[in-house]
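Number of protein chains: 2
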Amino acid sequence: MPVTLEDIAEVSGYSRSTVSRVINGEPGVSHRARQKITDVVEQLNYHPNQAARGLAAGQMNNIGLIIPETVSFIFNDPYFQFLSLGVSQTSNEQDFSVMLWLSDPDLERKSINKFLNNGLVDGFIIASMLMGDPIIEALKSTPRPFVLVGRQPALPDASVVDCDNVQGAYAATQHLLKTGRKRIATITGSEGMQSGINRIEGYQKALQDWGLTVNHALIAKGDYTEGSGYFGMFQLLPEKPDAVFIASDNMAHGAYRALKEVGIRVPDDIAIVGFDDIPSADQMTPSLTTMRQPIRKMGNLAAEILINKINYPDTDSQRIILNPELVVRQSCGSSALAGSITLR
Amino acid sequence: MPVTLEDIAEVSGYSRSTVSRVINGEPGVSHRARQKITDVVEQLNYHPNQAARGLAAGQMNNIGLIIPETVSFIFNDPYFQFLSLGVSQTSNEQDFSVMLWLSDPDLERKSINKFLNNGLVDGFIIASMLMGDPIIEALKSTPRPFVLVGRQPALPDASVVDCDNVQGAYAATQHLLKTGRKRIATITGSEGMQSGINRIEGYQKALQDWGLTVNHALIAKGDYTEGSGYFGMFQLLPEKPDAVFIASDNMAHGAYRALKEVGIRVPDDIAIVGFDDIPSADQMTPSLTTMRQPIRKMGNLAAEILINKINYPDTDSQRIILNPELVVRQSCGSSALAGSITLR
DNA sequence: CTGAAAGCGCTTACAG
DNA sequence: CTGAAAGCGCTTACAG
Chain L
36 MPVTLEDIAE VSGYSRSTVS RVINGEPGVS HRARQKITDV VEQLNYHPNQ
86 AARGLAAGQM NNIGLIIPET VSFIFNDPYF QFLSLGVSQT SNEQDFSVML
136 WLSDPDLERK SINKFLNNGL VDGFIIASML MGDPIIEALK STPRPFVLVG
186 RQPALPDASV VDCDNVQGAY AATQHLLKTG RKRIATITGS EGMQSGINRI
236 EGYQKALQDW GLTVNHALIA KGDYTEGSGY FGMFQLLPEK PDAVFIASDN
286 MAHGAYRALK EVGIRVPDDI AIVGFDDIPS ADQMTPSLTT MRQPIRKMGN
336 LAAEILINKI NYPDTDSQRI ILNPELVVRQ SCGSSALAGS ITLR
Chain H
36 MPVTLEDIAE VSGYSRSTVS RVINGEPGVS HRARQKITDV VEQLNYHPNQ
86 AARGLAAGQM NNIGLIIPET VSFIFNDPYF QFLSLGVSQT SNEQDFSVML
136 WLSDPDLERK SINKFLNNGL VDGFIIASML MGDPIIEALK STPRPFVLVG
186 RQPALPDASV VDCDNVQGAY AATQHLLKTG RKRIATITGS EGMQSGINRI
236 EGYQKALQDW GLTVNHALIA KGDYTEGSGY FGMFQLLPEK PDAVFIASDN
286 MAHGAYRALK EVGIRVPDDI AIVGFDDIPS ADQMTPSLTT MRQPIRKMGN
336 LAAEILINKI NYPDTDSQRI ILNPELVVRQ SCGSSALAGS ITLR
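Protein chains in written order, with this note's numbering: chain L, 36 to 379; chain H, 36 to 379.
Right, dumping it as structure tokens:
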């Protein structure tokens, strides 16, 4: 019972072909016809049926946003949200809709293939996944274009939007070195994720370039969760570090919690730099110095690249690597703002 | 070039009708035919085209998840994420996909109508919105079913999944009363949202039932943001409350921040109860006593009700109101766990 | 500039 | 139990 193209044709007195042209803003229609049809469309509140349109045109104007389970659980930070916002925003601007696929542990295998092949979606954006995620295999056999957010060694030729995690970790560590810290520890991100590995790499590189050797006792393994930041800090404490580069703000929360319990002061006794710049970073006490990762912008770019690839299939795959930005606050002890804040 | 029904028909030697029946698990097909067709489907890795299916059947098996802009920005808490997870989970179980619509300030009006009427989506779930949101008007004229997460006075007959905010605020406040607190203040949620209003109501009701009169100097207006919790607490301090019911955990973070700055101890000097039970509530120092709102479950239920309504349009609209649950931790001073934790 | 017709990949009575 | 045929609401050559 919704209004169809045919209804518009009938009421306006033009053929379906002409109506279709007007709807799609194609040239080669008389002003008179365009006017009349536009009026009728307005008047009858007509909205084209996207399923029919997609079937006929062979393109649905839908983007699939794939969020692997692991990611959505680990990042209880606004990662997911900001990414969705970015993807959604750009997609809407270009008249695309977005379909969401959050992986379910059990159905994963079956369900992802269905999502990739049900013809509803013209291309995909995949939020950073674990290395070895079964989704990778499914992706390898899709004929449809996709863009990864966060690079994936198993898919070296894919289009990617990422931030330069090596450079970011390098800059964070170097900032600590420049402010005079000597024993710089780190709590790492998940070893199962590319970003985790890259952030360790940047940390080590910065130390080496500064002429220091990497001390493995100063490296605590984390997995991006708050809890791993908490335990990681306790693991490091006996080594008496005077600074810690923590591979995510979320873990920094945990580390703060540990430091409070033992009464160690930030930044006086120990300087902290995080990674991500989640909203709460600014409200921690002391406020957290961190590397800002432009997640929303990464979502925008991923959508842009993907839609371009959908519209022009011959486009080469693209890799866009953004630089994270150092946001200096109080926790590193180098800010003008930095008073001497004691944690308890 | 993807495999079609016709391909399966040809290879298997049966007609499209029979193949269609097998695909859809309909009865009245010989075992022999079913077997053969299933094999071919498997072998050719066939996935039905959902657009074609939807067009023919008049149902797309898609759910639209609408997240108003305001909500996605205010709740930088995992609200959005957990809700999506719940909706997504239940939808997938029932063979539905979910389309995401995050409102964009500019395009809102135009874009929402398109989303509601493009024929891609059989029904909608709307995450709690502001009162007076333009989406409400659009919703009033949809022929398609929808379910609200969070009730909406302007849509009194709609299906709703909500938690009982009045009861929750009541229980939170009463808990403080029972533990002996006398001057109980509150920092309210957004006045523009039903939940905000209901939580004030529950707070007031609890005081009255306890024989106390409501003192407006003990009510600070918040809007669910961390910052409003921070300023709200400063506003309350001169009134010397011995307890505060804070209408969201996010605001409780802000309130903690304020209390640290002035050196007031929780729970010794002041008891705090929050609302939501976001993941970080457990990791605050002291850990936050709060009312747990089962957001993910609300997402599950919303999807369940909606899909049922899509499949059986004659179903009456349903209202499911869940009870939030008191989670006692340290900040209220009544837990066995509660040591005497001093904030600084 | 406009229209008649075929076709996108399915489902669904209808006949047998 | 199986198949031929119409139809879902569009787009897109093709002809004029």
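All C-beta atoms in this analysis are idealised placements derived from N, C-alpha and C, irrespective of residue type, glycine included. Keep in mind that this is a model prediction, so the values were computed, not measured.
Contact annotation for T320 of chain L against chain H: R292, K295 [CB-CB distance below 7 Å, chain order]. As DSSP reads the structure, R218 of chain L sits in no beta bridge.
Sorting H:M95, H:A337, H:Q78 by C-alpha distance to the C-alpha of L120 of chain H places H:A337 at the top. One Cα belongs to V75 of chain H, the other to F181 of chain H, and the distance between them is close to 39 Å.
Within chain H, the residues whose beta carbon sits less than 7 Å from that of Q85 of chain L are N153, G154, L155, listed in sequence order.
With its beta carbon less than 9 Å from one in chain L, H82 of chain H belongs to the interface. Listed along chain H, the residues sitting closer than 9 Å to E261 of chain L by beta-carbon distance are P314, S315, Q318. One finds M134, L135, W136, L137 in chain L with Cβ atoms closer than 9 Å to the Cβ of V133 of chain H, taken in chain order.
For S230 of chain H, no beta strand (DSSP E) encloses it; the enclosing alpha helix (DSSP H) starts and ends at 229 to 244.
Going by DSSP, I43 of chain L is part of the alpha helix (DSSP H) stretching over 40 to 47. Using a C-beta cut-off of 8 Å, the region 247 to 265 of chain H makes no contact with the region 185 to 198 of chain H, since fewer than three inter-stretch Cβ pairs fall below that distance. A direct Cα-Cα distance of roughly 25 Å separates H66 of chain H from N84 of chain H. Against chain H, the CB of Q124 of chain L has a partner CB under 9 Å away; the residue lies at that interface. When Cβ-Cβ separations below 9 Å define contact, L323 of chain L makes no contact with chain H. Here the alpha carbon of G93 of chain L sits roughly 16 Å from the alpha carbon of D130 of chain L. Within chain L, L135, L137 have C-beta atoms less than 7 Å from the C-beta of S119 of chain H, given in sequence order. By the criterion of a C-beta distance shorter than 7 Å, E41 of chain H is surrounded in its chain by R51, once the five residues flanking it on both sides are discounted.
With respect to the C-alpha of P302 of chain H, the residue from H:Y114, H:I161, H:Q209, H:A278 having the closest C-alpha is H:A278.
Residues of chain L with a Cβ closer than 7 Å to the Cβ of F115 of chain H are, in chain order, Q116. For S322 of chain H, there is no enclosing alpha helix (DSSP H), since its DSSP letter is neither H nor E.
For the 9 Å CB-CB criterion, R234 of chain L and V201 of chain L form a contact. Taking 9 Å as the cut-off, the Cβ atoms of I171 of chain L and I101 of chain L do not count as close.
Our two residues, D351 of chain L and L361 of chain H, have alpha carbons roughly 55 Å apart in a direct line. Distances from the alpha-carbon of S225 of chain H to those of H:G215, H:R179, H:G262 put H:G262 closest.
Neighbours of S146 of chain H across chain L, judged by C-beta separation under 9 Å: N127.
Looking at the DSSP output, D74 of chain H shares a beta bridge with no other residue. Across the region 50 to 66 of chain H, no CB contact with chain L closer than 7 Å is found for any residue.
At the C-beta level, S123 of chain L and G334 of chain L come within 9 Å of one another. A direct Cα-to-Cα measurement between M95 of chain L and D349 of chain L gives close to 18 Å.
When secondary structure is reduced to three states using DSSP, S132 of chain H falls in the strand class. Rounded to the nearest whole angstrom, the CA to CA distance from L357 of chain L to G227 of chain L is 22 Å.
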